[in-house]
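Numbering (the numbering used here), first residue to last: 115 to 193. Positions of the beta carbon are idealized from the N, C-alpha and C atoms, including for glycine. A quick write-up on the structure given underneath.
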Amino acid sequence: MNAAQKASFTARWPELFEGLGEREVAATVRALSSMGEFGWEVGFEEVKALTDVSRGALSRDGYVEWARARAHTLATGKS
115 MNAAQKASFT ARWPELFEGL GEREVAATVR ALSSMGEFGW EVGFEEVKAL
165 TDVSRGALSR DGYVEWARAR AHTLATGKS
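Structure, rendered in structure tokens:
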């Protein structure tokens, strides 16, 4: 993770990172950067889901369910 990537996510959606500690922000940004490297177009929904996991508002199982549904939507154009 470089400073530009961190600044990009945190500057674009600062409200999603509110209340997270530095370690949680860094871990979330690393995960988002990895998603981009694997071909995901990282947008608001992806950032929101991962920051929700970081703050405990979404469980890991809930995130996996969300990610599967999101991948299906992106692949088929249907929700």
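The straight-line gap separating the alpha-carbon atoms of G135 and A145 is approximately 15 angstroms.
Excluding sequence positions up to five before and after K162, its CB lies within less than 6 angstroms of the CB of L130, all in the same chain and listed in chain order. Straight-line spacing of the CA atoms in G150 and E138 works out to 18 angstroms.
Look at S173 here: in three-state DSSP terms it is coil, with no helix or strand label.
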